[in-house]
């Protein structure tokens with residue numbers, strides 16, 4: 002099996018929510034909006050097309066021709082505003098399958114991506130893109146088979162609706178959960194289902210609990226969650242690794258450092274996403290298995306036997 006076929010990696014190209022926020026205070030974590038690339042079993046998957054998609058597009062130019070599947074959670078600006086600047090979409094010979102659920106107003110993902118490129122919003126229409134683009138309307142709960150990879154989805158709690166995704170290959174899985182707001186009295190069953198026994202959970206933790214429940218400027222009803230809720234979900238769903246994602250544009254690098262520190266106190270195997278972060282799912286699973294085996298050996302008879310020999 003080639004290295005490409007035996008691969009499950011996650012690359013973060015945009016990790017912010019709401020609006021891009023380049024500047025001196027966001028250098029280390031990055032200021033681009035949501036865009037995550039996964040390379041799984043020889044397939045390329047892109048989740049959301051925020052401004053991070055433009056940067057991803059530049060890196061893909063040296064790998065053409067391309068055959069890529071794109072999955073959109075919803076069409077708020079921070080998740081689609083990079084699409085008109087995605088250079089590979091303008092190049093003939095590239096092929097894209099583009100998935101998205103139908104919006105509550107009945108519009109398809111094709112209509113919404115098309116509309117953002119109409120006058121007076123943009124100088125050229127979507128139709129000028131030279132790549133072969135196949136737009137696919139997703140039903141909520143519908144699974145998509147991409148080669149040997151199975152992509153599942155479920156509805157999330159977000160104004161205007163959003164869907165979360167779960168990427169499955171063999172016995173490995175990654176959940177992509179953005180944008181979503183937790184419920185006050187229970188964990189979201191759809192989120193738990195998407196995250197069940199996942200190797201990695203990428204979770205919308207735009208706020209802290211203090212910000213979310215603030216008496217002065219409450220964020221209840223804004224459609225996002227907190228790192229504290231991410232920890233609750235991860236523990237309940239038996240998630241192995243948590244990735245804090247969709248950072249508020251007002252949160253500086255120093256603020257995100259504190260979020261990282263606080264999250265790890267409650268869930269040690271966690272990380273705050275930053276632009277350029279790459280996670281090798283298979284390598285981490287192998288390391289975890291080796292660590293567990295070492296712990297079992299240390300606690301069991303083989304270690305005791307070795308101790309006797311040494312004595």
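Residue numbers (the working numbering): 2 to 312.
In this text, a Cβ means the ideal position worked out from N, Cα and C, and glycines have one as well.
Can you give me the start and stop residues for the beta strand (DSSP E) that residue 153 sits inside? For the purposes of this step, residue 153 is taken as residue 152 along the chain shown, with counting starting at 1. 150 to 157 is the span of the beta strand (DSSP E), which, as asked, contains residue 153.
Is the CB-CB distance between residue 257 and residue 235 below 8 Å? The residue given as residue 257 occupies position 256 in the chain shown. The residue given as residue 235 occupies position 234 in the chain shown. No, Cβ-Cβ distance for residue 257 and residue 235 is not below 8 Å.
Three-state class that DSSP yields for residue 128 in the structure shown: Position 127 of the chain shown, counted from the start, is the residue given in the question as residue 128. Reduced to three states, the DSSP call for residue 128 is helix.
Span of the alpha helix (DSSP H) around residue 77: In the chain shown, counting from the first residue as 1, residue 77 sits at position 76. First-last for residue 77: undefined, no H or E at that position.
What span of residues does the beta strand (DSSP E) with residue 163 cover, start to end? Translated into positions along the chain shown, residue 163 becomes position 162. 163 to 170 is the span of the beta strand (DSSP E), which, as asked, contains residue 163.
Figure out for me which residue from 255, 248, 276, 232 has the closest Cα to the Cα of residue 267. Numbered from 1 along the chain shown, position 266 holds the residue referred to as residue 267. Checking every option, the nearest Cα to that of residue 267 belongs to 232.
Quick check: what's the CA-CA separation for residue 134 versus residue 167? If you number the chain shown from 1, residue 134 lands on position 133. If you number the chain shown from 1, residue 167 lands on position 166. Roughly 23 Å between the two C-alpha positions.
What three-state label does DSSP hand residue 146 in the structure shown? On the chain shown, residue 146 is found 145 positions in, with the first residue counted as 1. Here residue 146 sits in strand by DSSP.
Cα-Cα separation between residue 113 and residue 86, rounded to whole angstroms: Along the chain shown, one-based indexing puts residue 113 at 112. Along the chain shown, one-based indexing puts residue 86 at 85. So the alpha carbons of these two residues sit roughly 15 Å apart.
Going by DSSP, what residue range makes up the beta strand (DSSP E) through residue 258? Residue numbering aside, residue 258 sits at position 257 when the chain shown is read from its first letter. Note, residue 258: premise wrong, no beta strand (DSSP E); alpha helix (DSSP H) at 254 to 267.
Beta-bridge partners of residue 34, as assigned by DSSP: Indexing the chain shown from 1 puts residue 34 at position 33. Paired residue(s): 17.
Residues near residue 287 in its chain [Cβ-Cβ closer than 8 Å; skip 5 each side]: In the chain shown, residue 287 corresponds to position 286, counting from 1. Excluding positions up to five away in sequence, the list is empty.
Buried or exposed, going by whether 16 or more other CB atoms sit within 10 Å of the CB of residue 22? In the chain shown, counting from the first residue as 1, residue 22 sits at position 21. Burial call: buried.
Residues in the same chain with beta-carbon distance under 6 Å from residue 241, minus the five sequence neighbours each way, listed in chain order, please. Mapped onto the chain shown, residue 241 falls at position 240. The residues are 200.
Taking only the alpha-carbon atoms, compute the straight-line gap between residue 129 and residue 208 and give it to the nearest angstrom. Sequence index remark: in the chain shown, residue 129 carries index 128 (1-based). Sequence index remark: in the chain shown, residue 208 carries index 207 (1-based). Rounded to the nearest angstrom, the two C-alpha atoms are 39 Å apart.
Among 180, 146, 13, whose alpha-carbon lies nearest the alpha-carbon of residue 162? The residue you call residue 162 lines up with position 161 of the chain shown. Of 180, 146, 13, the residue nearest in Cα terms is 180.
What distance in whole Å lies between the Cβ atoms of residue 276 and residue 1, which are believed to be in contact at a cut-off of 8 Å? Any property of residue 1 remains undetermined from this structure, which presents the chain solely from 2 to 312.
Of the listed residues 273, 142, 19, nearest to residue 154 (C-alpha basis): On the chain shown, residue 154 is found 153 positions in, with the first residue counted as 1. The shortest Cα separation from residue 154 among 273, 142, 19 belongs to 142.
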